[in-house]
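Okay, so the sequence shown: first residue is 1 according to the UniProt record's numbering, each after it adds one. Note that the Cβ used here is the ideal one computed from N, Cα and C, for glycine as well. One structure below.
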Amino acid sequence: VGVLGFTILVWDHAITFADEVEIIWGRPKNLLTCLFLLNRYLTPVGFVVSLVGRCEHFVRYEGAMTAVGIQVVGLMMFLRVRAMYRDSRYVVIVVASLLFVWVAIGAWLLSHSMAVPHSPFIHSCRLEFSDSVGGLASAWAWVPLCYDTVVFALTLNRTLPLIQNQEAGHIVHTLFTDGALFYSVMCAINLVFTIMVARAPQGLKYIAGHPTCADYEFPAVLSSTTFLYKVAMMSRITLNLKKEGARSSVP
């Protein structure tokens, strides 16, 4: 699964690089484009180094890089909600509060993380949360799922009536279709991850949600399934919206 996720990420990057150069690099930068570039390049660059020999310290770096990458996607989603709900300050405040809670819970869980113990014959480095956090460990998966659900519901609330009344333009259709695809994929992955955290034995709980570092030929990023899919899909959604925006601005 990890190899599949990494392959999708690299393949998507290769086939959309020309669009990236034209739409992102060739135009004035703003906060969203800066977040796009951070989201796009943090994954391959952040996990280049794999320090299995210092696993006890390095594993927290891996977890933090995963959290930052996923939460950058969350911030990009918040900016879209803010753009759609400029007339509703309450909605923007609620989504911003959810994002803050997500970041705070992720930071707290990482402060209670440790390396999974292995025998001397297994050269691997993987993160899990200590027993002291109890059932809150599953919040690593279900809090992002709740956030994605709220954002998707708000997107439907804005786009679906326009589509049903045949008043939607290209951008609205793109918001709807890309949002539905993003949510369906991430919902499935996060549901599986939540069940694994709740039911799987120690050592296997977080294998689908954290990078696994082993001194074999693959980089540490391979097992971060949630991270990989989220990065690839958000990059594609951003480029699609930028392309539709440029298309709509042409007289």
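In the three-state reduction of the DSSP assignment, Ser-113 falls in the strand class, which pools E and B. Taking the Cβ atoms as the reference, Trp-102 lies roughly 6 Å from Gly-74, within the contact range of under 8 Å. Shown here for Met-234: same chain residues with a beta carbon closer than 7 Å to its own, the five before and five after excluded, namely Asn-39, Val-73, Met-76 in chain order.
Here Phe-78 has Val-95, Leu-99 as same chain residues with Cβ atoms under 6 Å from its own Cβ, once five neighbours each way along the sequence are excluded.
If you compare the alpha carbons of Gly-106, Ser-130, Val-133 with that of Val-143, the shortest gap goes to Gly-106. The criterion of a C-beta distance shorter than 8 Å is not satisfied by Val-185 and Val-81.
Annotation: Phe-182 to Lys-230 spans about 8 Å, alpha carbon to alpha carbon. Note that the C-beta distance between Phe-129 and Ala-137 is below 8 Å.
One thing to note: Leu-175 has its Cβ no nearer than 8 Å to the Cβ of Thr-194. With a 10 Å radius around the Cβ and a threshold of 16 neighbouring Cβ atoms, Glu-62 comes out buried. In the same chain as Leu-162, and ignoring 5 residues on each side of it, the C-beta atoms closer than 7 Å to its own belong to Ala-168, Val-172, in chain order. Within the same chain, and ignoring the five residues on either side of Ile-23 in sequence, the residues whose Cβ sits closer than 8 Å to its Cβ are Leu-239, Lys-242, Lys-243, Ala-246. Following the DSSP letters along the chain, one finds Asn-157 inside the alpha helix (DSSP H) bounded by residues 139-164. With fewer than 16 other beta carbons inside 10 angstroms of its own, Asp-131 counts as exposed. In the DSSP assignment, Phe-129 forms a beta bridge with Ser-113.
Each of Val-59, Gly-135, Leu-31 was checked against the Cα of Met-114, and the nearest Cα belongs to Val-59.
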